[in-house]
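K.L.:
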Amino acid sequence: MSAATEMTIEKNVPVPTRDGTVLRADVFRPAQPGPHPVLMVHGPYGKDIHFADFNAHAYGLIDEQGPHMTWETPNPEWWVPRGYAVVRVDQRGTGRSDGRMALFSPTEWEDYHDAIEWAGVQDWSTGKVGLLGISYYAIGQWHVAALQPPHLAAIVPWEGAIDVYRDWSHHGGILSNRFTDEWWTRQITGNQSALPAGAPNPNRAVDGNAELPAEFREHALLRDYYRAREVDLSKITVPVLSSGNWTSYPLHLRGNIEGYLGAGSEHKWLEIHDGNHFTPFYTEESRLYQKRFLDRFVAGDESAWQDEPPVRLTIRDPRGSFVRAESEWPIARTEWTRLHLDAERGSLGAEAPAAEARVDYPAPDGGVTLLTAPFTEDVELTGPSALHVWVSADTEDMDLFVTLIDLDAEGKEVTFEDASGIGNRGPVVKGWLRVSHRELDETRSEPYRPVHRHDTRSPLQAGVPVEAAVEILPTSRVFAAGHRLGLVIQAADRSDPTRFLHDDPADRAHATGTNTVHTGGRYPSYLLVPVIPPKDC
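Each number in my numbering comes from the position in the sequence shown (counting from 1) with 74 added on.
1. Can you tell me the Cα-Cα spacing of G660 and E484, whole angstroms?
2. I need the straight-line Cα distance from D515 to E146, nearest angstrom please.
3. Between L455 and A554, what straight-line distance do the alpha-carbon atoms span, to the nearest angstrom?
4. Give the straight-line distance between the Cα atoms of I405 and S459, rounded to the nearest whole angstrom.
5. Cutting at 7 Å between CB atoms, please list the residues of its own chain near R92, excluding the five before and the five after it.
6. Which residue wins for smallest C-alpha separation from T549, given the options I606, A565, S510?
7. Which residues in the same chain have their Cβ closer than 6 Å to the Cβ of R527, if we skip the five residues on either side of it in sequence?
8. Take E400 and list the residues in its own chain whose beta-carbon comes closer than 7 Å to its own, dropping the five residues that flank it on each side.
9. Looking at the unbroken alpha helix (DSSP H) that takes in K486, where does it start and where does it end?
10. Of the choices Y133, N129, T588, whose alpha-carbon is the least far from that of Y356?
11. Judging by CA-CA distance, which residue of S199, G207, D237, V163 is the nearest neighbour of F178?
12. Taking all protein chains shown into account, do 16 or more other C-beta atoms lie within 10 angstroms of the C-beta of S308, making it buried, or fewer, making it exposed?
13. Quick one: Cα of D369 to Cα of D298, how far?
14. Can you tell me the Cβ-Cβ gap for V465 and V591, rounded? I've got them flagged as a contact below 8 Å.
15. State the CB to CB distance for the pair R558 and L478, rounded to an integer number of angstroms; the pair is presumed to be in contact (CB under 8 Å).
16. H592 lies in the beta strand (DSSP E); which residues open and close that run?
17. What are the boundary residues of the beta strand (DSSP E) that includes Q564?
18. Report the residue from M472, I208, D529, Q215 whose alpha carbon sits nearest the alpha carbon of P180.
19. Express the C-alpha separation of G333 and H142 in angstroms, rounding to a whole number.
20. Which of the three DSSP states, helix, strand or coil, is assigned to K85?
21. So, for D578: in the same chain, excluding its five sequence neighbours on each side, which residues have a beta-carbon less than 6 Å away from its beta-carbon?
22. Between the alpha carbons of L626 and L205, how many angstroms are there, rounded?
23. Candidates L507, F352, A447, T489: which alpha carbon is nearest V463's?
24. Report the rounded CA-to-CA distance for T588 versus A467, giving the unit in angstroms.
25. May I have a chain-ordered list of the beta strand (DSSP E) segments no shorter than 3 residues that lie completely inside the stretch 481-547?
26. Based on the DSSP output, what are the partners of H462 in its beta bridges?
27. What residue range does the beta strand (DSSP E) around F367 cover?
28. Where G500 and S243 are concerned, what is the direct C-alpha to C-alpha distance, given to the nearest angstrom?
29. Thinking C-alpha only, which one of V562, G556, E491 is nearest F449?
30. What is the DSSP secondary structure of G457, counted as helix, strand or coil?
31. Assign Q564 to one of two classes, buried (16 or more other C-beta atoms within 10 Å of its C-beta) or exposed (fewer than that).
32. For the stretch 106-150, list the alpha helix (DSSP H) runs that are entirely contained and at least 4 residues long, ordered along the chain.
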């Protein structure tokens with residue numbers, strides 16, 4: 075029997091919201107009489123746009139295929155035969171839903187809440203709704219779960235984000251413009267005009283939002299605009315399976331970790347994998363992993379999800395990546411290790427240099443690289459890192475673009491598949507900071523995870539050193555014996571092929587002149603890294 079004949083499909087089902095706006099949903103459910111547990115997605119990408127039309131390249135790389143596939147959402151042809159009803163909702167002002175688009179707004183998440191409650195009382199529903207989806211379809215899960223809709227049973231936010239400012243719009247206070255500009259035209263405005271004719275919503279334009287890229291440019295500090303888009307993670311009480319990706323650190327890692335740490339749920343798990351942004355979600359292994367969690371907390375099969383480790387990590391090893399269970403994040407046995415910067419020798423080492431030294435480089439095109447000695451044995455770094463560095467400039471601001479790299483015995487950089495899926499390669503991990511944003515949120519910061527306030531600027535005085543703590547996003551890498559860890563500090567993005575660039579001329583207007591890194595003596599600059607000993611040590 076084909077998947078199509080096993081399903082009852084209802085298109086453009088009206089979903090009411092609290093202010094009277096009507097959303098529209100497609101419902102895929104088993105042909106057999108219900109009720110059935112529900113999987114829902116709610117987002118702006120268009121429930122009627124096939125995956126292959128949205129991104130033909132990505133569609134050719136994933137394991138699943140079929141006539142009802144859409145971008146970054148669960149495939150009903152796999153889930154419905156396994157007993158679930160799959161509901162796809164076009165969010166307000168997009169696709170076939172009425173209203174005006176309101177991305178990242180409280181209204182969007184209230185609509186999501188109302189859609190969950192609508193699905194929870196349909197005669198084909200058990201009253202248990204689970205959420206499963208990638209990226210934007212993951213971001214919304216955190217927000218709506220904090221609203222505590224009564225029929226929400228569990229969430230699986232896969233490679234999403236939480237903090238619109240820190241995770242998305244501004245990396246370390248530096249505008250992350252290139253991705254947002256391209257995403258807005260390719261995946262938001264472009265998709266609305268690409269919809270098939272005859273959509274019920276004649277106003278499916280984007281004029282409900284100001285242009286989101288322009289809003290991000292207008293709001294350069296973390297003040298009311300972004301605070302209105304924050305989520306109180308402590309209010310999330312449903313079970314959570316949070317899944318991040320080491321290679322997607324510019325957007326799809328930090329939020330999954332912060333969500334796991336901050337969720338108020340009694341039952342929560344963290345999983346981090348590697349690979350590109352879309353393939354891992356659709357593998358058979360991942361689907362079965364997702365299903366076991368959802369079977370337990372949405373379908374009610376208590377035997378489906380037992381003795382799962384709280385943390386499941388893919389460890390990136392030069393001999394081949396492998397999965398390892400851990401009990402917490404960060405890993406409790408982490409040996410937080412200071413590698414001291416020595417500008418005179420261009421080195422990173424265990425001993426702090428006594429003599430002061432400095433290295434200058436021009437902005438925006440210059441930088442400096444400091445290296446460890448070759449490792450005498452394999453060294454695993456898994457977790458967040460932080461650069462505590464003294465810097466100065468001859469202008470009132472400077473930007474720090476920080477990169478960790480792996481150099482082999484011949485001095486060649488070892489690179490990794492990035493999230494794009496088009497063959498791009500990148501470094502181990504990166505971090506960023508606009509130095510005028512160096513003020514920390516002391517209540518949230520740790521030495522290994524500085525959290526910046528980003529709500530005010532503290533300009534530099536020309537030539538006067540200041541201490542800055544740079545958040546370097548979490549990673550996992552085993553450095554093989556004979557390899558070196560490199561720390562690259564630059565005044566602009568590296569030349570890595572990536573969509574996550576910070577090159578808006580207005581935002582980067584100050585990036586000129588001479589930048590300086592100070593080390594030794596009065597300027598104890600160091601890199602803090604998470605060295606992981608074997609479990610049996």
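Note that beta-carbon positions come from the ideal geometry of N, C-alpha and C, so glycine has one too.
The structure presented is a predicted model; accordingly, all values stated were derived computationally and were not measured.
P.N.:
In short:
1. Nothing in the structure corresponds to residue 660, since the chain is present only between 75 and 611.
2. Taking the first residue of the sequence shown as 1, we reach residue 515 at position 441. Taking the first residue of the sequence shown as 1, we reach residue 146 at position 72. In a straight line, the C-alpha of D515 is about 34 Å away from that of E146.
3. Walking along the sequence shown from the start, residue 455 turns up at place 381. Walking along the sequence shown from the start, residue 554 turns up at place 480. Near 11 Å, if we compare the C-alpha coordinates of A554 and L455.
4. The sequence position of residue 405 within the sequence shown is 331, counting from 1. The sequence position of residue 459 within the sequence shown is 385, counting from 1. Whole-angstrom Cα-Cα distance: 13 Å.
5. Within the sequence shown, residue 92 is the residue found at index 18, counting from 1. If we look at R92 and ignore the five residues flanking it on each side, its Cβ neighbours are E184, D188.
6. By 1-based counting over the sequence shown, the position of residue 549 is 475. Looking at the Cα atoms, I606 is the closest of the given residues.
7. Indexing the sequence shown from 1 puts residue 527 at position 453. So the list reads E513, D515, once near-sequence residues are dropped.
8. On the sequence shown, position 326 is the one that residue 400 refers to. Hits under 7 Å: P383, V385, L387.
9. Indexing the sequence shown from 1 puts residue 486 at position 412. Taken as a continuous stretch (DSSP letters only), K486 belongs to no alpha helix (DSSP H), as it is neither H nor E.
10. Taking the sequence shown and counting its residues from 1, the one referred to as residue 356 is at position 282. That would be Y133, whose Cα lies nearest to the Cα of Y356.
11. Residue mapping note: residue 178 aligns to position 104 of the sequence shown, counting from 1. Nearest C-alpha to F178: D237.
12. Your numbering for residue 308 matches position 234 in the sequence shown. Exposed.
13. Residue mapping note: residue 369 aligns to position 295 of the sequence shown, counting from 1. Residue mapping note: residue 298 aligns to position 224 of the sequence shown, counting from 1. Computed Cα separation, rounded: 40 Å.
14. Within the sequence shown, residue 465 is the residue found at index 391, counting from 1. Within the sequence shown, residue 591 is the residue found at index 517, counting from 1. Yes, they are in contact, since the Cβ atoms of V465 and V591 sit about 6 Å apart, within 8 Å.
15. For the purposes of this step, residue 558 is taken as residue 484 along the sequence shown, with counting starting at 1. For the purposes of this step, residue 478 is taken as residue 404 along the sequence shown, with counting starting at 1. Actually they are not in contact, since the Cβ atoms of R558 and L478 sit about 11 Å apart, beyond 8 Å.
16. Taking the sequence shown and counting its residues from 1, one reaches residue 592 at position 518. From DSSP, the beta strand (DSSP E) with H592 extends over 587-593.
17. Against the sequence shown, residue 564 aligns to sequence position 490. It spans 558-564 - the beta strand (DSSP E) in which Q564 sits, taken as one unbroken run.
18. Translated into positions along the sequence shown, residue 180 becomes position 106. When only C-alpha atoms are compared, the closest one is Q215.
19. Position 68 of the sequence shown, counting from 1, holds the residue named residue 142. Position 259 of the sequence shown, counting from 1, holds the residue named residue 333. Cα to Cα, the separation comes out at about 30 Å.
20. Locating residue 85 in the sequence shown gives position 11, counting from the first residue. K85: strand per DSSP, three-state reduction.
21. Walking along the sequence shown from the start, residue 578 turns up at place 504. For D578, where only same-chain residues beyond five positions count, the Cβ hits under 6 Å are L249, N251.
22. Since the first residue shown for the chain is 75 and the last is 611, residue 626 is missing from the structure and cannot be characterised.
23. Locating residue 463 in the sequence shown gives position 389, where the first residue counts as 1. Of the candidates L507, F352, A447, T489, the one whose C-alpha sits nearest the C-alpha of V463 is L507.
24. Mapped onto the sequence shown, residue 588 falls at position 514. Mapped onto the sequence shown, residue 467 falls at position 393. Taking the straight line from one Cα to the other gives about 6 Å.
25. 503-508
26. In the sequence shown, the residue the question calls residue 462 occupies position 388. The partner list for H462 (beta bridge, DSSP) reads A543, Y600.
27. Taking the sequence shown and counting its residues from 1, the one referred to as residue 367 is at position 293. F367 -> not in any beta strand (DSSP E); alpha helix (DSSP H) instead, spanning 358-371.
28. Sequence index remark: in the sequence shown, residue 500 carries index 426 (1-based). Sequence index remark: in the sequence shown, residue 243 carries index 169 (1-based). Computed Cα separation, rounded: 21 Å.
29. Taking the first residue of the sequence shown as 1, we reach residue 449 at position 375. Of V562, G556, E491, the residue nearest in Cα terms is G556.
30. The count along the sequence shown starts at 1 and reaches residue 457 at position 383. G457: strand per DSSP, three-state reduction.
31. By 1-based counting over the sequence shown, the position of residue 564 is 490. Buried, because 16 or more other Cβ atoms sit within 10 Å of the Cβ of Q564.
32. 125-128, 130-135
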